[in-house]
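Below you'll find the structure, written out as C-alpha cells, and then a few comments.
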Amino acid sequence: MQHAMNPPKSGVWAALEYTGIPASWLSARPRLPSRNWCIFITLTSSLISYYAYDRHQARSIRRSYIDQVKHLADEPMKSTDLPRKVVVYGAKWPGDEDHQRAVRFFKKYVKPVLVAAAIDYDIVATRHSGDLAERVASTVIKDRRRAIGLDQSIALPLVLPNQPTQEQKHVQELEGGIILVGRHTFKEYMTGLNEAGVGGWNS
Numbered sequence: 006m007q008h009a010m011n012p013p014k015s016g017v018w019a020a021l022e023y024t025g026i027p028a029s030w031l032s033a034r035p036r037l038p039s040r041n042w043c044i045f046i047t048l049t050s051s052l053i054s055y056y057a058y059d060r061h062q063a064r065s066i067r068r069s070y071i072d073q074v075k076h077l078a079d080e081p082m083k084s085t086d087l088p089r090k091v092v093v094y095g096a097k098w099p100g101d102e103d104h105q106r107a108v109r110f111f112k113k114y115v116k117p118v119l120v121a122a123a124i125d126y127d128i129v130a131t132r133h134s135g136d137l138a139e140r141v142a143s144t145v146i147k148d149r150r151r152a153i154g155l156d157q158s159i160a161l162p163l164v165l166p167n168q169p170t171q172e173q174k175h176v177q178e179l180e181g182g183i184i185l186v187g188r189h190t191f192k193e194y195m196t197g198l199n200e201a202g203v204g205g206w207n208s
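In my numbering, each residue carries its 1-based index in the sequence shown increased by 5.
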C-alpha cells in the first residue's frame, strides 16, 4: 500500500537521493526570498555592477589614450637626439598621512600612457604640505637669476660626446612638459609660481 502511494523515483532524482542529499532539499520548491534578503541582494548586486562598470570604463578610456599616442614610440630618433621628458609633481594631500598617494595614482592611470608613447619622466613627490610651492618658487628664481647673469651656472670642465650639454638639457626641459597629479598639487604649483613672481630675485 505504501509503495502504491509513493511510487519509486527514477532518473536523476533517484541518483541524487543515493548521494546523501536530504530528501527535504530535493522536494523543496523554489520560492522568493524574504523582503530583507531582496533588499540585500539588490544593494549588493548594484554595488558590484557599478564597480565593474567603473573599472571597465577606466580601462577603456586608458586604452583609448594609449592608442592615440603609441605611434610616437615608432618615430625614429638620431643617436644624438634626447628623448622627450616630462616632470611629474605629486604633493601631499591635505588631511592624508599617505604622501605617496599621488604617485600611486600617477603610476596607475598616467604612467601606462607615457610608456606607450616612449616618454621619459621624473617624479617629484613631496612629504609635507607647502614643500612643492617652496621648491617651484626656488627653481624659478634660480633660473631667472641665471638667465640675467646674476648667478653663473657651474660648467663641467669636460663634456663627453655622448653627454648632453647644459643648453641641450635646457631645451629638453622646455620641450617636455609638466604633469600635476591632484588639485592640491595644482594649487601648490600655482602658489610657487606666484611666490616666484612677486618675491623678487632672492630665493
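Think of the CB as a built atom: it goes at the ideal place given N, C-alpha and C, for glycine as much as any other residue. Every value quoted in this text rests on a predicted model; they were computed, and no experiment measured them.
Coarse secondary structure for residue 31, derived from DSSP in three states: In the structure shown, residue 31 sits in a helix (DSSP, three-state: H, G or I).
is_contact[residue 152, chain D] using C-beta, thresh 7 Å: Considering every chain present, this structure includes no chain D. It has just one protein chain.
Residue 111 classed as buried or exposed, judged by whether at least 16 other C-beta atoms fall within 10 angstroms: It is buried - the Cβ of residue 111 has at least 16 other Cβ atoms within 10 Å.
DSSP state of residue 185 mapped onto helix, strand, coil: In the displayed model, residue 185 falls within a strand according to three-state DSSP.
Of the residues 63, 178, 26, the one placed nearest residue 126, counting alpha carbons only: The shortest C-alpha separation from residue 126 is found at 178.
First through last residue of the beta strand (DSSP E) which encompasses residue 44: Premise fails: residue 44 lies in the alpha helix (DSSP H), 40 to 74, not in any beta strand (DSSP E).
Identity of the residue in 133, 74, 94, 64 nearest residue 102 by Cα: The shortest CA-to-CA distance from residue 102 to any of 133, 74, 94, 64 is the one to 133.
Complete alpha helix (DSSP H) runs within the stretch 111 to 153 (minimum length 4 residues, chain order): Within the stretch 111 to 153, the complete alpha helix (DSSP H) runs of at least 4 residues are 116 to 121, 136 to 152.
Residue burial classification, residue 193 (beta-carbon count within 10 angstroms, cutoff 16): The residue is buried, with at least 16 neighbouring Cβ atoms inside 10 Å.
Span separating the alpha-carbon of residue 119 from that of residue 71: Their Cα atoms are separated by approximately 8 Å.
Cβ-Cβ distance between residue 95 and residue 78 below 7 Å: Taking 7 Å as the Cβ cut-off, residue 95 and residue 78 do not qualify as a contacting pair.
DSSP three-state assignment for residue 90, whether helix, strand or coil: Residue state, collapsed to three classes: strand.
Nearest candidate by alpha-carbon position, reference residue 68, set 122, 27, 49: Restricting attention to 122, 27, 49, the CA atom closest to the CA of residue 68 is found in 122.
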